[in-house]
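Enquirer: Residue numbers (full-length UniProt numbering): 1 to 140.
C-beta: ideal position from N, C-alpha, C; glycine also.
Below is a structure I'd like to ask you about.
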Ligand code: UDP
């Protein structure tokens, strides 16, 4: 088992419905410790840069609009195989296709407003954590 860190975001649909505690409980019960956490309202520029890889996709503008429609909670999760473990408990991007018991199946509103983001690789996790967190903001 490898101790890893991954970037998690509780998206605006989750903060709006006060689901942060319930979702955080899922992480902790799955062995993912929240070693960094802050509630922020992203700027358009921040959201565009974060989702840059999807710039050419038809859903890009709507996605950016959604991500800046309310506050988000940025988190660093740490645990054994944290990247894959988090993706597992998040469930598929489209909540209607997510496994029962996953965060997205249980809480998401739509394929866009799907409650959580989680890094998809260890390499991206390091980039995404560095984008939002200073080293001093992560306390294991
Ligand atoms: N998304 C969307 N429409 C789509 C696909 C994705 O609005 O058809 C949004 C959704 O919020 C998703 C994010 O874009 O979480 C990033 O998409 P990705 O394919 O990277 O999915 P994820 O890694 O978040 O499961």
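Counting pairs of beta carbons, one from the stretch 28-40 and one from the stretch 113-124, are three or more of them closer than 8 Å?
Expert: Cβ pair count under 8 Å is below three, so no.
Enquirer: Look up residue 37 in the DSSP assignment and give the residues it is bridged to.
Expert: Taking the chain shown and counting its residues from 1, one reaches residue 37 at position 37. According to DSSP, residue 37 bridges with 75.
Enquirer: If you scan the UniProt domain "Nucleoside diphosphate kinase-like" (3-140) from start to end, which runs of the alpha helix (DSSP H) of 4 or more residues do you find wholly inside it?
Expert: List check, alpha helix (DSSP H) in window: 12-16, 20-29, 44-50, 60-67, 82-90, 103-107 and 122-132.
Enquirer: How long is the line joining the alpha carbons of residue 80 and residue 101, rounded to whole angstroms?
Expert: Looking up residue 80 in the chain shown gives position 80. Looking up residue 101 in the chain shown gives position 101. If I take the Cα positions, the gap works out to 20 Å.
Enquirer: For the putative contact between residue 8 and residue 118, defined by C-beta atoms under 8 Å, what is the C-beta separation to the nearest angstrom?
Expert: Within the chain shown, the letter at position 8 stands for residue 8. Within the chain shown, the letter at position 118 stands for residue 118. Right, their Cβ atoms sit about 5 Å apart.
Enquirer: Since residue 19 and residue 96 should fall inside the 8 Å C-beta cutoff, what is the C-beta to C-beta distance between them, to a whole number of angstroms?
Expert: The residue labelled residue 19 in the question sits at position 19 within the chain shown. The residue labelled residue 96 in the question sits at position 96 within the chain shown. Their Cβ separation, rounded to whole angstroms, is 18 Å, which puts residue 19 and residue 96 out of contact at 8 Å.
Enquirer: Have a look at residue 48 and residue 55 and give me their C-alpha separation to the nearest angstrom.
Expert: Start at 1 with the first residue of the chain shown, and residue 48 comes out as number 48. Start at 1 with the first residue of the chain shown, and residue 55 comes out as number 55. About 8 Å.
Enquirer: Use the C-beta contact count for residue 86: other C-beta atoms within 10 angstroms, 16 or more gives buried, fewer gives exposed.
Expert: In the chain shown, the residue the question calls residue 86 occupies position 86. Residue 86 should be labelled buried.
Enquirer: Where residue 61 and residue 1 are concerned, what is the direct C-alpha to C-alpha distance, given to the nearest angstrom?
Expert: Here residue 61 corresponds to residue number 61 of the chain shown, with the count starting at 1. Here residue 1 corresponds to residue number 1 of the chain shown, with the count starting at 1. Their Cα atoms are separated by approximately 39 Å.
Enquirer: Measuring straight from C-alpha to C-alpha, what distance separates residue 110 and residue 43?
Expert: Within the chain shown, numbered from 1, the residue matching residue 110 stands at position 110. Within the chain shown, numbered from 1, the residue matching residue 43 stands at position 43. Cα to Cα, the separation comes out at about 22 Å.
Enquirer: Tell me the rounded alpha-carbon separation between residue 76 and residue 94.
Expert: Residue 76 sits at position 76 when you count from the first residue of the chain shown. Residue 94 sits at position 94 when you count from the first residue of the chain shown. So the alpha carbons of these two residues sit roughly 23 Å apart.
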